[in-house]
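Please read the structure below before turning to the comments.
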Amino acid sequence: MNRIKSFHWTEKMEFVNLAAMLIVIPIDSGVSLLFSILWMLSVILKNTSLKRWSFFGWHQDKNYHYSRNYYLLIPMMCYWLSYLLSMLWTENWPTGWAEVGELAWFFVLPLTCACTDFRQFSGKLVRIMLWSFVLTLSVLFVVLLSIVVVKACSSAEYSFLWFMMNEDFYHIHHSYMALYILTALAFLYSELVRKEKHDVWQIVLAIVCACCLVLFLLCINSRAGLLCLIILMALCWVHQCFVRKKYRFSLISLVIASLVVVGSHFALPDYFRRLSVTIEQVAHGDKSDGRFEILEKTWMVLKDNMLLGVGAGDRMDELAPYYGSLEDAYCPHNQYLDSWMATGVIGLLSLLAMLIVPLVMALRKHNIFSFLFLLMLMVSLLFESMLERQMGVAFTAVIYIYLLLFFQLDSKSIININFPKNE
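All residue numbers for the sequence shown refer to the numbering used here, where the first residue is 5 and numbers rise by one.
Structure follows, in C-alpha cells:
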C-alpha cells in the first residue's frame, strides 16, 4: 500500500480504473466500459502531467527499458480492422456498423495501452487486482446462493433443488460467466504454485474461493464450462506431476478430484447429464443436438464465401434462408467460424494470431496464468461466439492488458522486478 501512496494522482486514477474494469465485468459489462473510458482519460492525464508519452514500448525517457511485449496487442487490433474492412462488401450497413462498434474496444483499449507505460506497477499490485476479481466472483456466488436459499425457505410449494434446477442462477449468459470463473480458477492455481511456502491464511482463502468458484460453475449449468473445468484440472495435474515433479501431491489430488466428480454426479445428476449426452452424441455421430445443425448451416454459407466472408453485417442475413426466416436463425456458436464467415481469411488469421502469439509468449516466459487462460479462451470459442457480445469483448480486451502486465514485469515470475520510482 505504501507503493500506491507514492503514486502520482493520475497513476492512482489509472490503477483504480484498471482494477475496476475487471472487477465489475461479472456484474455489469456496461459499467466496465465506463471505467474503461475513465482509464483512458487517466492515461492521457498521466502522460500529459508526467510527460511520459510512449508508443508500443518506445519511450522518450531513455532510461526506461524498451519492451517488445506490446506487440501482442497488434493481432487484436488487426482483428477489429478486419471487421472494419469487411464493411466494404457488406450490404447490411446498420448491422455491420453495430458489429464494428461492438468490437471497437479491441482497438481502443490496446491503442491506449500502447500509449502508456506501467513502470509504477509491481507484481504484487497486479496480483491484488486479480485477487479482487476472484473475491468478487466468490462473494457474488455466496450472495446468489443465499437468495436461492431464502426463496426455498419462504416457499411452501417448491424445494431448494427445484429452484436450483428450474431458475436461472444468474442473469449473465452461462458461457461468458463460465469463462470468468475459469479465469479466476486459473489465477488461483498460478498463485498456489508461485512459491513453495505460503501463509496458512492464503492457502485457506484460495481453497475457499476455489470451492465457491467450482460450485458457481456447476450452478450456472454450462456444458462448455464443465468441459473446460475438466481440461483445466487435467492441465494442472499434468503440471504438478510432470513439470513440478510433485508425484505424491498429484496422486492425492487425482483421488480427491475423482471423488468430488463422482459425488457431484450423484448429487447433481442433471448438471452432468447434458454433458454426457453431448459426448455420446458426438461419439456416435448423432446430429440431434442443435449445435450440429447450426454448424452445418454455417458451413453452407462459408463454402461460397471462404476468402472474403459475407461481411460483418450480413452474417445473419445469409444464414436466414437456411433456417426459413431471420427470426429463427442462430449465430454459429463458434467464434472461429463466425469470424471466418463475417470477415474471411483475414479475420480468421487475425483471431488465431490473437490467441497463438500470447500463448507462445506465455510458454517462453513460463507464465502459468496466461497459458491457462488462453487455453480456456481457445476452447470456449469453439462452443460459443464469445466475441459477439459486449460482455465477451470487454472481458477479453481487459484481460489482455493484464497479460501484458504479467509479461512486462518478469519473464518467469512477476515478483522479482524492481521498477524505478517516479521522479
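No residue lacks a Cβ here, since even glycine has one placed at the ideal position from N, Cα and C.
- Taking a 10 Å sphere around the C-beta of Gln244, we find 16 or more other C-beta atoms and assign the residue as buried.
- Glu297 and Gln124 do not touch by the CB rule: their CB atoms are close to 52 angstroms apart, not below 8 angstroms.
- Here the alpha carbon of Val138 sits roughly 42 angstroms from the alpha carbon of Asn309.
- Here the stretch 222-240 makes contact with the stretch 374-387; the two share three or more CB pairs at distances below 8 angstroms.
- Assignment of beta-bridge partners to Ser58 by DSSP yields His63.
- Taking the CA atoms as reference points, Gly328 sits about 11 angstroms from Asp321.
- Per the coordinates, the alpha-carbon of Trp109 lies some 38 angstroms from the alpha-carbon of Ala261.
- Put simply, of Asp318, Phe253, Val153, Ile29 the residue whose alpha carbon is nearest the alpha carbon of Leu196 is Phe253.
- No Cβ-Cβ contact shorter than 8 angstroms links Gln394 with Glu103.
- Using a C-beta cut-off of 8 angstroms, the stretch 15-29 makes contact with the stretch 41-60, since at least three inter-stretch Cβ pairs fall below that distance.
- Rounded to whole angstroms, the gap between the alpha carbons of Met17 and Ile8 is 11 angstroms.
- Residue environment for Val47: buried (at least 16 other C-beta atoms within 10 angstroms of its C-beta).
- Taking a cut-off of 8 angstroms for Cβ pairs, the stretch 185-195 and the stretch 136-151 touch, as three or more such pairs fall below it.
- Contact annotation: Glu392 and Asp342 have beta-carbon atoms nearer than 8 angstroms.
- Assigned with DSSP and collapsed to three states, Cys223 falls in helix.
- At the C-beta level, Ala333 and Leu323 come within 8 angstroms of one another.
- Excluding residues up to 5 positions away in sequence, Gly100 lie with their Cβ nearer than 6 angstroms to the Cβ of Met91 in the same chain.
- Rounded to the nearest whole angstrom, the CA to CA distance from Met365 to Leu192 is 20 angstroms.
- Taking a cut-off of 8 angstroms on C-beta distances, the stretch 110-121 touches the stretch 52-59, as three or more cross pairs fall below it.
- Assignment of alpha helix (DSSP H) within the stretch 105-184, counting only whole runs of 4 or more residues, yields 109-118, 127-158, 164-170 in chain order.
- Taking the Cβ atoms as the reference, Leu76 lies roughly 5 angstroms from Val361, within the contact range of under 8 angstroms.
- No residue range can be given for Leu77, since it is assigned to no alpha helix (DSSP H) and is classified by DSSP as neither H nor E.
- Listed in chain order, the non-local C-beta contacts of Leu88 below 7 angstroms within the same chain comprise Val104, local neighbours out to five positions each way being set aside.
- When the five nearest sequence neighbours on each side are left out, the beta carbons in the same chain lying within less than 7 angstroms of the beta carbon of Trp241 are those of Ser254, Ser257, Leu258, in order along the chain.
- When C-alpha distances from Leu209 are compared across Leu408, Ser142, Pro336, Leu367, the shortest belongs to Ser142.
- Cβ-Cβ distances below 7 angstroms link Val35 to Val28 in the same chain, with the five nearest sequence neighbours on each side left out; the list follows chain order.
- For Met133, same chain residues with a beta-carbon under 6 angstroms away, outside a window of 5 residues either side, are Ala23 in chain order.
- For Ser374, the number of other beta carbons within 10 angstroms of its own is at least 16, and it is reported as buried.
- The beta-carbon distance between Ser86 and Gly351, rounded to whole angstroms, is 4 angstroms. This is short enough to meet the 8 angstroms contact definition.
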